[in-house]
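2 protein chains.
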Amino acid sequence: MNRNELYANIKRKRSFLCVGLDSDPALFPAHIAALEEPIFEFNKAIIDATVQYAVAYKPNLAFYEAEGAAGWAHLEKTVEYIRKKDPSVFIIADAKRGDIGNTADRYARAFFGKMDFDAVTLAPYMGRDSVEPFLKYEGKWSIVLALTSNPSASDFEMEMYEKVVQKGMEWGTPDNLMFVVGATRPEKLAEIRQLCSDHFFLVPGVGAQGGTIAEVAAAGMNDTCGLLVNMSRNIIFAGRGEDFASEAEKAARGAAFEMSQYIR
Amino acid sequence: MNRNELYANIKRKRSFLCVGLDSDPALFPAHIAALEEPIFEFNKAIIDATVQYAVAYKPNLAFYEAEGAAGWAHLEKTVEYIRKKDPSVFIIADAKRGDIGNTADRYARAFFGKMDFDAVTLAPYMGRDSVEPFLKYEGKWSIVLALTSNPSASDFEMEMYEKVVQKGMEWGTPDNLMFVVGATRPEKLAEIRQLCSDHFFLVPGVGAQGGTIAEVAAAGMNDTCGLLVNMSRNIIFAGRGEDFASEAEKAARGAAFEMSQYIR
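Chains as they are written, first to last, in numbering that gives the first Met the number 0: chain A, 0 to 263; chain B, 0 to 263.
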């Protein structure tokens with residue numbers, strides 16, 4: 000998917016919502032937990048309920064890996080299901096990978112070859128070698144961590160993020176590279192938007208972590224929207240009982256309605 | 000495993016060799032590639048051939064993920080096989096994970112709960128939150144990237160590694176935290192050993208990437224050896240035909256023989 004297609008989907012759905020599939024079996028409703036493939040069944044119900052409001056989905060790999068090979072199989076089925084359900088949806092592997100060239104090449108193959116993700120999140124610590132193999136896939140995206148939403152972003156990120164954004168802009172283009180910029184520090188989001196006018200930002204930290212859609216839109220939008228705002232727990236665990244899917248639908252609809260007001 | 004046990008194994012085997020299981024099916028001998036579970040069968044043969052010379056094995060996750068859920072199953076079987084073959088072996092998931100607390104917690108569960116790894120490699124970019132959940136597992140280890148062996152370590156690592164080592168020493172202890180320090184810059188390895196006298200270093204970059212055992216031993220050893228030197232391609236693909244296992248055995252024996260000369 001290229002940037003124009005992504006922007007067209009945002010305008011069509013009047014939403015820049017990314018639904019984070021942090022699908023933790025410990026939080027599933029009892030009737031889902033009892034099924035044979037609980038993670039996949041949970042995701043399927045969430046996708047059916049939210050796909051008209053979501054331009055992107057973001058499975059968080061940790062929740063699948065914690066279930067071993069079976070979890071990985073659920074991940075594969077989830078990606079296939081989203082593709083079939085709505086081919087326009089942008090699918091992000093929240094994997095935060097980062098390794099030397101020959102290894103990064105195999106990770107790229109895992110997410111863009113073996114599975115049909117559109118994008119993968121990448122940790123920049125090891126530098127250019129660890130990102131380039133992903134950029135070779137036409138129509139696929141690298142999403143490089145710049146400034147995340149967690150408290151210990153102050154340990155190293157705070158002094159590195161500017162340089163990461165500058166280097167990232169050299170490595171890729173606004174058509175194949177995005178940055179992760181957290182919602183919890185809107186003044187920094189605005190500052191990074193000044194540095195980098197054209198790239199999309201994937202923005203975590205709205206909801207449970209304290210960021211708001213209004214602040215993110217004010218600080219981070221650009222001419223082609225330029226934002227994918229992720230919400231996970233606030234949507235997928237909005238309800239915890241038999242009605243979890245309709246609660247998720249309500250939460251996604253509410254978020255998309257708020258977003259629609261900011262879309263030109 | 001604690002540090003004393005690891006050191007005892009090093010003295011007993013007269014080796015600080017870690018064999019990297021970067022098990023790439025494209026490089027397998029034809030008779031292995033034809034089997035039903037090629038990755039597992041390859042690993043099994045390599046482990047059988049090298050276990051008397053190796054104190055550690057390090058599956059590189061990318062090579063398993065590139066094969067999808069089946070690859071993940073081969074990884075699980077490989078860990079079980081190593082445990083059964085020699086319970087004293089230290090098993091490292093070369094995963095380079097790093098994410099916010101609740102997600103890091105699930106990765107820890109994947110590697111230390113679902114699978115029985117002793118250690119996992121971690122990228123430090125997101126800071127303390129991304130390492131702490133791994134340190135809660137008694138007898139398990141976090142191996143934090145400090146200065147890696149790839150060319151683009153110069154992009155960000157070169158100005159960050161001192162601070163990463165200092166912070167890492169605050170987060171963990173010499174009994175639950177190691178650092179990755181590449182073999183390709185022995186002068187930096189010596190400098191980091193000055194900063195950090197007691198922690199073990201996992202050292203990639205010997206062999207194909209240009210580092211040598213002699214330089215690494217001179218620059219990085221401490222009172223309890225303090226080194227796990229990883230070799231991957233030079234051992235597992237030392238031979239590419241029917242005799243690949245005996246070629247791997249020869250290569251591992253040679254490396255261990257050289258290492259034995261440096262062990263007190």
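Yeah, the Cβ is synthetic: ideal placement off N, Cα and C, and Gly gets one too.
Expected contact under 8 angstroms - CB spacing of Leu-194 of chain A and Glu-156 of chain A to nearest Å
15 angstroms between Cβ atoms; not a contact.
Under DSSP, the beta strand (DSSP E) around Ile-269 of chain A begins and ends at which residues?
Nothing can be reported for residue 269 of chain A: it is not among the residues displayed for chain A, which extend from 0 to 263.
At 7 angstroms on the CB atoms, spell out the chain B contacts of Pro-86 of chain A, in chain order.
Neighbours of Pro-86 of chain A on chain B: none; closest Cβ ~21 angstroms, over 7 angstroms.
beta-carbon Pro-132 of chain A near the ligand SAM non-hydrogen atom, thresh 7 angstroms
Judged by which ligands are present, the structure shown has none, so any question about the ligand SAM falls away.
Cβ pair count under 8 angstroms reaching 3, the region 172 to 182 of chain A against the region 179 to 195 of chain B:
no
Pull up the distance between the alpha-carbon of Lys-76 of chain B and that of Ala-68 of chain A, whole angstroms please.
10 angstroms
Please report the Cβ distance between Ile-31 of chain B and Glu-40 of chain B, rounded to the nearest whole angstrom; I am assuming they are in contact, meaning their Cβ atoms lie under 8 angstroms.
6 angstroms
Ser-231 of chain B classed as buried or exposed, judged by whether at least 16 other C-beta atoms fall within 10 angstroms
buried
Which of the three DSSP states is assigned to Met-258 of chain A in this structure?
helix
My understanding is that Met-125 of chain B touches Asn-229 of chain A, with C-beta atoms under 8 angstroms, so please give their C-beta distance in whole angstroms.
Going by Cβ atoms, the distance from Met-125 of chain B to Asn-229 of chain A rounds to 16 angstroms, so no, they are not a contact pair.
Using a Cβ-Cβ cut-off of less than 8 angstroms, list which residues of the region 136 to 147 of chain B approach chain A; keep chain order.
Leu-144 and Thr-147
Span of the alpha helix (DSSP H) around Phe-41 of chain B
37 to 49
Distance, Glu-79 of chain B Cα to Asp-197 of chain A Cα
48 angstroms
Taking 7 angstroms as the limit between beta carbons, can you name the residues of its chain near Gly-209 of chain B, skipping five residues before and five after?
Thr-183
Name, please, each residue of chain B whose Cβ falls closer than 9 angstroms to the Cβ of Asn-59 of chain A.
Asp-98, Thr-102 and Arg-105
For Val-215 of chain B, which residues in the same chain have their Cβ closer than 7 angstroms to its Cβ, ignoring the five residues on either side in sequence?
Ala-182, Pro-185, Leu-188, Val-202, Val-205, Leu-226 and Val-228
Just list the beta strand (DSSP E) runs in the region 218 to 258 of chain A, keeping only unbroken ones of 3 residues or longer that don't cross its boundaries, in chain order.
226 to 230
Span separating the alpha-carbon of Tyr-56 of chain A from that of Cys-17 of chain A:
5 angstroms
Under DSSP, the alpha helix (DSSP H) around Val-341 of chain A begins and ends at which residues?
One cannot answer for residue 341 of chain A here, as it falls past the ends of chain A, which runs 0 to 263.
Based on DSSP bridge pairs, tell me the residues matched to Met-177 of chain A.
A:Ile-142
Specify the secondary structure class of Lys-57 of chain B as computed by DSSP and reduced to three states.
strand
Members of the region 162 to 175 of chain A that neighbour chain B once the beta carbon cut-off is set at 8 angstroms
Lys-162, Val-163 and Lys-166
7 angstroms CB neighbourhood of Tyr-261 of chain A in its chain, flanking five on each side removed
Ala-216 and Met-220
Tell me the rounded alpha-carbon separation between Gly-138 of chain A and Lys-249 of chain A.
32 angstroms
Answer with yes or no whether the minimum CB distance from Pro-123 of chain A to chain B is below 8 angstroms.
yes
State the Cα-Cα distance for the pair Gly-91 of chain A and Tyr-106 of chain A, rounded to the nearest angstrom.
Looking at the sequence shown, residue 91 of chain A is not Gly but Ile. One C-alpha to the other measures close to 14 angstroms.
Going straight from the alpha carbon of Pro-28 of chain A to that of Thr-49 of chain A, what length do you get?
17 angstroms
Measuring CA to CA, which of A:Ser-14, A:Ala-118 and A:Thr-211 is closest to Asn-59 of chain A?
A:Ala-118
Nearest by alpha-carbon distance to Ser-141 of chain A: which of A:Thr-147, A:Thr-120 and A:Met-159 is it?
A:Thr-120
Would a C-beta distance cut-off of 8 angstroms place Ser-151 of chain B and Asp-128 of chain A closer than the cut-off?
yes
Assign Val-78 of chain A to one of three DSSP states: helix, strand, or coil.
helix
Thinking C-beta only, is Gly-97 of chain A closer than 8 angstroms to Lys-166 of chain B?
no
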